[in-house]
Each structure stands twice: as C-alpha cells, then as structure tokens.
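Contents: one structure, followed by commentary.
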Amino acid sequence: MDFLSQRALVGGSTQGIGRAVAEELARRGATVTLLARNEASLRQAAAALPTPANQVHDFIVADFSHPDQVRAGVQAYLTAHPAGFDILVNNTGGPAGGPLLDAPVEAFRAAFEQHLVCNHLLAQAVVPAMRGRGRGRILNIISTSVKQPLPGLGVSNTIRAAVGNWAKTLANELAADGITVNNVLPGATITQRHTSLIEQKVATTGQTTAEVEAGLLARIPAGRFGQAAEVAAAVAFLASEAAAYITGINVPVDGGRTGNL
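Under the numbering used here, read the sequence shown as residues 1236 to 1496, first letter to last.
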C-alpha cells in the first residue's frame, strides 16, 4: 500500500476528511495536488503534507460552487502536467441540513452542481491519462445516506444517492480499462461539518450539545464518533494495488451505524 511515483488529486483537502486523505496518501509516497477554493489554506496545507519520498506537493485553486471554475483550473493544470493523475478523490463539503420540504429548489441545484457535476468534470479530466496507463483509481467521499437516508438531511440524502448511482455506472464503464471507482461512506466523523450539524440541532431543538451527541452515539454500535484518519485509511486501501479487483462498491466507515447490509 505505497504510492511511490503516483500522483493524486484530492478535493476539499484543506480540512476534515479531505485533508486527512491527502496526508495519508502523501505519507505513503504519493505526490498530492490539493483542490479547494482558499489559496492561503491550500498553500499552508500543501506545505504541511508529509514528504517521505521527497515529493513536491502542489494545489489548484477552484470553488466547487462554480463547476466551470473547477473544469478550467484542472484543465490548465493538466496542460502543464500532461502525465495527469493516478488517483482522484472526489470530496467537498455537504449541503446544509434541515427538513426536506423546507429546502428551496435552488438548494438542490447548487448541491447537484457542487457534488455530481464537479465529480463528473474531474473524472472527464483525469480518465484519459488513466486509460493510457491502463490503471487508475477514482474514490468518492459521499455519506452513509447512500445506503440509508439520514434524518434532517433531505437535500444531502437526495444528492448523495445521485452521486452513488453515477459512480456505479462509471465503475462499470471503466472496469475494462483497469480503472476502479468506489465510494467511501463516512458516518458521524469528527470534522467541522459534524460540529456544525450538532450546533444546528442544538439551535433547532433546544437540547444541549451533550444531549445531541448522546442521541447520535446511541445509534452507533461502536459507541464513539469516527476520526477523519479512519476514513482516509479506507481510501488508501481502495486506491492501492491490493484493491485492484474491487470496483463499484460502497464502503461505510461508520462504526456500524448503518442499519442495512
């Protein structure tokens, strides 16, 4: 499970799960290109990545809220680096929570572009070089709501399911090219989004933070919240040669919370 001489493009990688994935791949020898919207945060995160093989990590500045910006930024990068990427990790922040019927139509459009459309544009950009090498890995960080919708996350549940089906279709189309496509489904994982969702529930229910957390933990057989590094470890395995015959699957990393197989 080393990635020496491999290049990885990781979205949403200045914080949370995306950053943990970038750190794990870099620690295992990959040269990592970070993709996010804040240049100062990107510069800081890239400089902090491990360099056990003397890698030179870099970044692309683009906002997932603007798919054309993502496409232009990655295409410009690939023009300067035509070898492309061996690994693509699609990841970005999730939609705001709330009851489904309270969501404005625009929230669905924005989430669809931010998640599915940007994932698609990135796949279109990186697959040609992967096909040329006869090997590639596309990993999508989604949510356990792909398998079981989560209360209070109506827009997210809807869009995540669409991304899951997109990924399964893509996996079938690319398998013969030696390119695998898999989804990693984090459960309740300690990140800024996790904290913000708890704060939102505190504000809407009047419960204390401890009460909200206790309610969440009661549904997790492992009895604790996950760490971003644990999600990153699953990504690293699926990106490795050991997982060459695994494609088109959903891998929950959720402490057992998901109630179906």
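Backbone N, C-alpha and C define an ideal beta-carbon position, used for all residues, glycine too.
The DSSP assignment places complete alpha helix (DSSP H) segments of no fewer than 4 residues inside the region 1290-1378 at 1302-1315, 1340-1347 and 1353-1368, in order along the chain.
In the structure shown, THR1268 adopts extended strand secondary structure according to DSSP, grouped into three states.
When beta bridges are read from the DSSP output, LEU1420 appears opposite PRO1487.
Residue pairing by DSSP places ALA1243 opposite VAL1267 and ILE1322 in a beta bridge.
Here GLU1274 is exposed, its C-beta having fewer than 16 other C-beta atoms within 10 Å. Apart from sequence neighbours up to five positions away, the residues of its chain that approach PHE1472 with a beta-carbon distance below 8 Å are MET1236 and ALA1478, ordered along the chain. Here the region 1335-1348 does not lie against the region 1269-1285, with fewer than 3 beta-carbon pairs under 8 Å apart. The C-alpha of THR1404 is placed about 13 Å away from the C-alpha of ALA1411. Between SER1248 and ARG1254, the gap from beta carbon to beta carbon is short of 8 Å.
The distance from the Cβ of THR1415 to that of THR1493 is about 22 Å, inconsistent with a contact at the 8 Å cut-off. DSSP places THR1440 in the uninterrupted alpha helix (DSSP H) bounded by 1427-1440. At a Cβ-Cβ threshold of 8 Å, GLY1491 and GLY1461 do not count as neighbours.
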